[in-house]
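K.L.:
My questions will all concern the structure given below.
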Amino acid sequence: MTPSTARHRRRAGGYFTAKQAAEAGYGYTHLTYHLEAGNFERADHGLYRIVTIPLAEHDDLIRLSLWSRNRRDVPQAVVSHETALALHQLSDVLPRRVHLSVPRTFRKEPPSHCVLHRATLSRADAEQREGFFLTT
Numbered sequence: 003m004t005p006s007t008a009r010h011r012r013r014a015g016g017y018f019t020a021k022q023a024a025e026a027g028y029g030y031t032h033l034t035y036h037l038e039a040g041n042f043e044r045a046d047h048g049l050y051r052i053v054t055i056p057l058a059e060h061d062d063l064i065r066l067s068l069w070s071r072n073r074r075d076v077p078q079a080v081v082s083h084e085t086a087l088a089l090h091q092l093s094d095v096l097p098r099r100v101h102l103s104v105p106r107t108f109r110k111e112p113p114s115h116c117v118l119h120r121a122t123l124s125r126a127d128a129e130q131r132e133g134f135f136l137t138t
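Counting from 3, one number per residue, gives the positions in the sequence shown under our numbering.
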């Protein structure tokens with residue numbers, strides 16, 4: 003990967019999608035080679051991680067952000083509600099499930115540990131964190 007791509011991946015906890023790999027010049031055979039060589043690991047369907055990059059503090063939220071991508075590879079989920087309160091240190095309660103706000107048109111079935119809230123958010127409603135967006 004190029005230095006700028008590697009820097010971007012570090013900010014995303016080392017995660018990248020198959021589409022992002024292809025855009026960086028890594029075809030299927032390259033991915034397979036790096037998986038077998040132990041340079042990359044498969045994190046989920048179409049989701050990979052560079053093993054030399056340490057796991058991020060909020061690794062689970064980065065993965066959910068990448069899970070929520072639309073066809074243009076743009077993440078749709080924003081960490082919200084009880085989960086956002088905990089991250090902003092406005093609550094003593096750690097939520098049992100991750101709360102995400104997604105557009106009303108979002109159609110993916112959420113993982114069992116997630117609660118989806120359908121909402122229309124503006125850019126001012128969210129701030130970027132390391133690898134995911136969080137409601138303000």
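Ideal placement from N, C-alpha and C gives every residue a C-beta, glycine not left out.
(1) How long is the line joining the alpha carbons of Pro113 and Ala121, rounded to whole angstroms?
(2) Evaluate Val95 with the Cβ neighbour count: other Cβ atoms within 10 Å of its Cβ, from every protein chain shown; 16 or more gives buried, anything less gives exposed.
(3) Write down every uninterrupted run of the beta strand (DSSP E) in the stretch 81 to 107 whose length is 3 residues or greater and which is fully enclosed by it, in chain order.
(4) Identify, in the order they occur along the chain, each residue of the same chain with its Cβ nearer than 6 Å to the Cβ of Ala20, setting aside the five sequence neighbours on each side.
(5) Give the straight-line distance between the Cα atoms of Asp46 and His83, rounded to the nearest whole angstrom.
(6) Can you give me the start and stop residues for the beta strand (DSSP E) that Asp46 sits inside?
(7) Excluding the 5 residues flanking Pro77 on each side, which residues of the same chain have their C-beta closer than 8 Å to its C-beta?
(8) I'd like the list of long-range same chain contacts for Leu87, defined as Cβ closer than 7 Å, with 5 residues on each side in sequence excluded.
(9) Need the endpoints of the alpha helix (DSSP H) that Glu38 sits in, please.
(10) Classify Tyr17 as buried or exposed, calling it buried when 16 or more other Cβ atoms lie within 10 Å of its own Cβ.
(11) Which residue from Arg73, Thr34, Asp75, Asp62 puts its Cα closest to that of Val81?
P.N.:
In short:
(1) Rounded to the nearest angstrom, the two C-alpha atoms are 19 Å apart.
(2) Result: exposed.
(3) Listed in chain order, they are 100 to 104.
(4) Result list for Ala20: Gly48, in chain order.
(5) Roughly 26 Å between the two C-alpha positions.
(6) It spans 42 to 46 - the beta strand (DSSP E) in which Asp46 sits, taken as one unbroken run.
(7) These residues qualify, in order along the chain: Ser67, Leu68, Ser70, Arg71, Phe134, Phe135.
(8) Hits under 7 Å: Ser93.
(9) Looking at the DSSP string, the run of the alpha helix (DSSP H) that includes Glu38 is 30 to 39.
(10) Under this definition Tyr17 is a buried residue.
(11) The candidate whose alpha carbon is nearest that of Val81 is Asp62.
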